[in-house]
Every structure is written in C-alpha cells, then in structure tokens.
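Enquirer: Below is a structure I'd like to ask you about.
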Amino acid sequence: MDQRQALVAFGALSQETRLQVIRMLVVAGPDGMAAGAIAEKLEVSPSNVSFHLKELERSGLIAQQRESRSIIYTANYEALGGLVRFLMEDCCSGHPEICAPAAEVAACCTPKMEEKLQ
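1 is the number of the first residue of the sequence shown in UniProt numbering; add one for each residue after it.
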C-alpha cells in the first residue's frame, strides 16, 4: 500500500458510521452482510448506509457482490492488512519486536484469511 492509498483509506475510516460498518463486516467474516442488515443494525436509513458503503468501496476497504436480490458487502482483509502493514513499515526505530504482535495480525489479513475464518 502506498501513501496515497493509505490516505484514501484513512479518510474513509475517519467517519463514525463507516468505522462501525468496517468493524461489523470484519466480525461478519467472509459471508459478509446485506446492505439492509447493515442499515438495520446501525439504525440508519438505507440511503444513509448506501452512501457510506459507496465511500468504503471506493477506498478499497470493502467489496460487494450480488446474491439474488441482495448486495452482500464483505471486508477486504487484504486491504485492511495492507493498511496496518503501512503503519508498521518503519516500526519502532529498528526494534521490530515491539510491533511484532500488530505485524502478525496484519500478516493474517490476506486472501488466506478466509480459510482461517472457516
């Protein structure tokens, strides 16, 4: 992840509803959640959640796919892991062991994450 991508991602996460959506989708795992269920759980209007989902998708932090009449949203674990790795890149003035726990979490956020969650 480069600095421009990180800025877009952090910009998307800098809003309360969007941060809540990301956290909810991470918990939901690879099955994701329908837009209507997200709106209901957050107690916001469908149009409001749609706006925030669009911003998160534009940032690359979530993905969508159509299932029947619903659109299912999932966290993009690779992008989220990339964001954490971006922050940890120059970790701790040459003492990477300080950041090791966070780096391990970021390393698990890859396409293989789906396998770990199942």
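Backbone N, C-alpha and C define an ideal beta-carbon position, used for all residues, glycine too.
For Pro46, collect the residues of the same chain with a Cβ closer than 8 Å to its Cβ; drop the 5 residues on either side in sequence, then sort them by chain order.
Expert: Correct list, in chain order: Ala35, Gly36, Ala39.
Enquirer: Checking the sheet assignment: what are the DSSP bridge partners for Tyr77?
Expert: DSSP, once it has assigned bridges, lists no residue as partnering Tyr77.
Enquirer: For Asp31, which option in Gln3, Tyr77, Ala9, Ser14 has the closest C-alpha, if you only look at C-alpha atoms?
Expert: Here the closest residue by C-alpha is Tyr77.
Enquirer: What are the boundary residues of the beta strand (DSSP E) that includes Arg66?
Expert: Run containing Arg66: 62-67, per the beta strand (DSSP E) assignment.
Enquirer: Look at the alpha carbon of Arg58 and the alpha carbon of Ile98, and state the distance between them as a whole number of angstroms.
Expert: Using only the alpha carbons, I get a separation of about 33 Å.
Enquirer: From which residue to which residue does the alpha helix (DSSP H) around Ile22 run?
Expert: Counting along the chain, the alpha helix (DSSP H) containing Ile22 begins and ends at 16-28.
Enquirer: Can you list, in chain order, the residues of its chain with a C-beta nearer than 6 Å to that of Val26? Leave out the 5 residues immediately preceding and following it.
Expert: Closer than 6 Å at Cβ, skipping near neighbours: Ala75.
Enquirer: Quick test of the definition: if touching needs 3 or more C-beta pairs under 8 Å, does the region 65-72 touch the region 9-24?
Expert: No, the region 65-72 is not in contact with the region 9-24.
Enquirer: Skipping 5 residues on each side, what residues in its chain have a beta carbon closer than 7 Å to that of Gln3?
Expert: Answer for Gln3: no residue qualifies.
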